[in-house]
Amino acid sequence: MLLLPGFGTGGLVLTVDRLEHPALSFEGLSADFSSESRPSIRFERLRVGEQRWRRVELHCDAGGLSGARLWCRDGRLTAGARVLLPGRIDLQADLLGQHVALAIRLPDGGRIELGLNDARLEAQVEALALGHLAALLPGLQGWSPAGSLGGRLSWPLGEEAVFTGQLVDGAFTSADGLQAGEALAVDLSLSLNERAGGWHWRAELDWHNGAVYVDPVYVEARLGVSAEGTLSADRLDVVQAVLALEGVEQLALSASIDLAEGRLDRAAVSLVRADLATIGPRWLTPLLAPAAGERLWYAGWVSGGLRFEHGGVQALDAVFDQAGFSLQGADGGSGLAFGPVSGHLPWRQDATVHAALEIEGGRWQKLALGRFALNAEIRPQSLAIDRLRIPLLDGALVLDRLTLQRDDRGWRGRGEAVIEPVSMPLLTEALDLPMMSGVLAASMPGLTVSPGALELDGALVISVFDGYLQLTGLRVLEPFGVASHLHAEIEGRHLDLAQLTETFSFGSITGFIDIDVQGLELVRWRPVAFDARVASSPGNYRRRISQRAVQNIGSLGGVGAVAAIQRSLLGFFETFGYREISFSCVLRADVCTMSGIGAERPGGGFEIVRGGGVPALNVIGYNSRVDWRELLARLQRVIEDNASPEVR
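Counting the sequence shown from 1 gives a position; our numbering is that position plus 13.
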């Protein structure tokens, strides 16, 4: 309902009950420009786009109506008790000639001007501080916007509207600090054409300065966007948007957004030939391994596509072209390398698809992997690999019937693994160990994978020194992380001491030993806890120990053991007979608590070597608690003082 009680030289009083438009609506409009009161305009309710206010008023310090000319000077805009804009408003309107001029002067020098002349709307913004917009747009208040906006709008009504603008020194910060931007400079152009039920729009954006952090990604300018689509009261459609991004040949997307529900209904993304060396450090590392940013490198190219519908991703494709990555070890070592990789990796929400990749090799520390092919059946929440053979030195790691299932906590699954015989000389060289003969092989019928962990139900067996070492209960946590953990039990049987001592240049001992290590725990591949025992193997065999081996055992046992040896006249002999060797170490808190054969001797000390035959020799240790690092240092000095011959 529109009421015009008075119009002429005496003034104007206007009331409008309601007006509805997709872009604008209000209720309870009253405008009073009569001569008896101070001029004012009041809305009980006002909506512009999605923003809503109550009791919006424009109070004019001076104003009136002269003929058909309405004017307001030094007006103030409020919503209830809150000031919407801190500046002053000047308004002039020709009610008959369709001419309107509006100017808003802000206290910091910013200015907004709007003019309507002969069905043409012109608007100009100069140095508008974004902080002022936070009062008008409550959604911005939690982002602490800063910077200034300038721009110009030209709109012949019924034709195309064109806006060009610039953001200078823009900045924002979210309340939780996880999103922020600084020194932002953005150029924007936007054109709108009204169509039945909405608008067709085109936009160009050039972000050419500043940086944005959206946890965990930090991005520096530059970025260009060219887009077009349609806009209605309840829907935004992006028909096509093309992004100009450094290192990417083409990145395009489309989307449909339900504005009423705030919901993304569908989207599609297409990526063409992205250079991993460029986009990897900027986009991938913060998402995949933020803690390893300085140690991770990329190479090659990737293309791909993504389709989003019905509230989730429906399809995903990645095509690799000579792609690869390398992760330096946390301690500065060689770490992990993989690739180059070429092939197609797809995924579908409602179908089973086949992935085929060709991997030209890899490396873990100094362990070299040969070329292999990966073929997998991929389902929405699972992955199945029938057989995968990865060449490892002169052997291979073979995975059979590997299945992985994804749940809320990540990926988990089971499979079988076999290590085809790997030459110990090659393996020990790759691991920077003294040269050893023999082979490493394994049959692991129970391989279990869970988030951040790898467990072995079977046994890993190393045939070495004419005996074997068997690892059971193997469990690795975060194998490539900065705090990797390993748990295992080790059993060694009938290890030839002659080969063992020759390999590690420890002197000469003939005979055989058994080794048991319980509760082994490694952190970052260094022992932190175990209960270990070394003892002579049962059976009849030659048992001799050289003077140099005795001295080296004494060096490991500490000053007391060396003194006991030096007091013996048996130092004149080159070799001695022995009946038994036994040595135990319980490692806790970097201290090795040692013991030997049987209980502690009545006079103190513990037997490490119990003599037998002629000549016979007992080696006694007196230091039962030894710093673990010191013990390793002693062992290292013993080995370094002698050459390391190859065992054949």
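Using N, Cα and C, we set each Cβ at its ideal position, and we do this for glycine too.
- If the five residues before and after P458 are omitted, its C-beta is found closer than 8 Å to the C-beta atoms of E429, D470 and G471, all from its own chain and listed in chain order.
- Per the coordinates, the alpha-carbon of V536 lies some 26 Å from the alpha-carbon of R506.
- Around the beta-carbon of P615, fewer than 16 other beta-carbon atoms lie within 10 Å, marking it exposed.
- Taken in chain order, the complete beta strand (DSSP E) segments of 3 or more residues contained in the stretch 593-649 are 604-608, 619-624, 632-634 and 638-640.
- When Cβ pairs closer than 8 Å are counted between the two stretches, the stretch 226-240 is seen not to touch the stretch 270-285, the count staying below three.
- Straight-line spacing of the CA atoms in G374 and S355 works out to 11 Å.
- Per DSSP, the beta bridge partners of N222 are A198.
- Between the alpha carbons of R82 and T91 lies a distance of about 24 Å.
- At a cut-off of 4 residues, the continuous stretches assigned as alpha helix (DSSP H) that sit fully inside the stretch 256-318 are 289-292 and 298-301.
- Residue burial annotation: R561 is buried, with at least 16 other C-beta atoms found within 10 angstroms of its C-beta.
- In the DSSP assignment, P458 falls within the beta strand (DSSP E) that extends over V452 to S463.
- Of G318, L98, A280 and Q341, the smallest CA-CA separation from A302 is found for Q341.
- Only residues of its own chain outside the window of five on either side were considered, and among them R638 have a CB closer than 6 Å to the CB of V604, listed in chain order.
- Look at R561 here: in three-state DSSP terms it is helix.
- Shown here, E57 sits in a strand according to DSSP, grouped into three states.
- Selection G260, I558 and W214 evaluated against R248 yields W214 as nearest (Cα-Cα).
- A buried status is given to R623, since no fewer than 16 other beta-carbon atoms sit within 10 Å of its beta-carbon.
- In this structure the stretch 310-319 touches the stretch 276-296; the number of beta carbon pairs closer than 8 Å is three or more.
- Fully enclosed beta strand (DSSP E) runs of no fewer than 3 residues occupy 395-405 and 408-420 of the stretch 391-421, in order along the chain.
- Contact check for S38 against R60 passes: the beta carbons are separated by less than 9 Å.
- In this structure R65 is exposed. Its beta-carbon is surrounded by fewer than 16 other beta-carbon atoms within 10 angstroms.
- Contact between the stretch 498-505 and the stretch 522-537 is established, with three or more Cβ pairs separated by less than 8 Å.
- For L150, the three-state secondary structure derived from DSSP is coil.
- Membership of P359 in the beta strand (DSSP E) is indicated by the continuous run L349 to R361.
- Linking L370 to L406 through their CA atoms gives a straight-line distance of about 21 Å.
- A residue is called buried when at least 16 other Cβ atoms come within 10 angstroms of its Cβ; A106 meets this threshold and is buried.
- If you look at A542, you'll find it in the beta strand (DSSP E) that goes R539 to S549.
- Only residues of its own chain outside the window of five on either side were considered, and among them A132, R133 and L134 have a CB closer than 8 Å to the CB of L170, listed in chain order.
- Under the DSSP assignment, A188 falls outside any beta strand (DSSP E); it carries neither an H nor an E label.
- When rounded, the separation of the alpha-carbon atoms in I566 and F519 is 9 Å.
- In this structure, DSSP gives Q327 an extended state, which the three-state scheme calls strand.
- Put simply, the backbone Cα of L141 is about 13 Å away from that of A116.
- In the three-state DSSP reduction, G155 falls in the helix class (H, G or I).
- Cβ neighbours of G76 within its own chain (closer than 7 Å, five residues either side excluded): F46, P52, W84, C85 and R86.
- In its chain, beyond the 5 residues on either side, A328 have a beta carbon closer than 6 Å to the beta carbon of R361.
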